[in-house]
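Residue numbering for the sequence shown is 9 to 146, as defined by my numbering. We put the CB at the ideal spot given by N, CA and C, even for glycine. Input: a single structure, listed below in structure tokens.
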Amino acid sequence: MFEINLKSNFSILILSSCFIFTPGYPARGETLHLIQLLRDNKCTNCNLKGVDLVHSNLINSILEGANLSGSNLSRSVLDGTNLKNVNLTSAILYGSSLRGADLTGANLTGTDLRDSDLTGASFTIEQISKSDWFGSKG
């Protein structure tokens, strides 16, 4: 049985209207990708450059190959998220939880991972050495 959640769809409509018509927010393409991520918990190879996802719940999301450069994901929960080959250049993940996240091949150059929980996350020393991870655990 297919059930439509009108409250959720209405929220997405309002959200998309705000992003599409407000200066300083992502362009239409990025907005559509952001809506896809929030709706489906999946957005592979998406352009989410510079989006604001502070305090987001993205547990077990699939973001493989996405461009999140310059995005703000501070205090977000990304536990178990597929972040393979994601561009996180200069992204802010301050205080975020990435427990069990797969960061294989992700570009972490200039990424702010301070005070983040990286317990069980998959990444290499070479990747993390290019980011600021002071105070992180895991």
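Nearest-angstrom Cα separation, counted from residue j out to residue i
i	j	result
G113	Q135	8 Å
E38	T132	29 Å
C54	L71	8 Å
L121	T52	22 Å
S139	V62	19 Å
I43	S64	13 Å
G118	H41	24 Å
I100	R47	22 Å
I67	S98	22 Å
S137	L56	24 Å
Same chain only: Cβ atoms within 8 Å of residue i, ignoring 5 sequence neighbours per side
i	result
D110	T89, N90, L91, K92, A129, S130
Cβ-Cβ distance between residue i and residue j below 8 Å
i	j	result
S105	L86	yes
N75	N95	yes
S84	L45	no
Contact set for residue i: own chain, Cβ-Cβ below 6 Å, skip 5 residues either direction
i	result
K145	D125
R107	D87, D125, T127, G128
W141	L121
Local Cβ density within 10 Å of residue i, reported as buried at 16 or more and exposed below that
i	result
G143	exposed
N115	buried
Inter-residue CB distance, residue i and residue j (contact presumed, cutoff 8 Å)
i	j	result
G78	G58	4 Å
The ligand FMN heavy atom lying under 7 Å from the CB of residue i
i	result
H41	Within the structure as shown, the ligand FMN is missing, as the structure has no ligands at all.
Cβ neighbours of residue i in the same chain (closer than 7 Å, five flanking residues each side left out)
i	result
D60	N80
D123	Y102, G103, G143, S144
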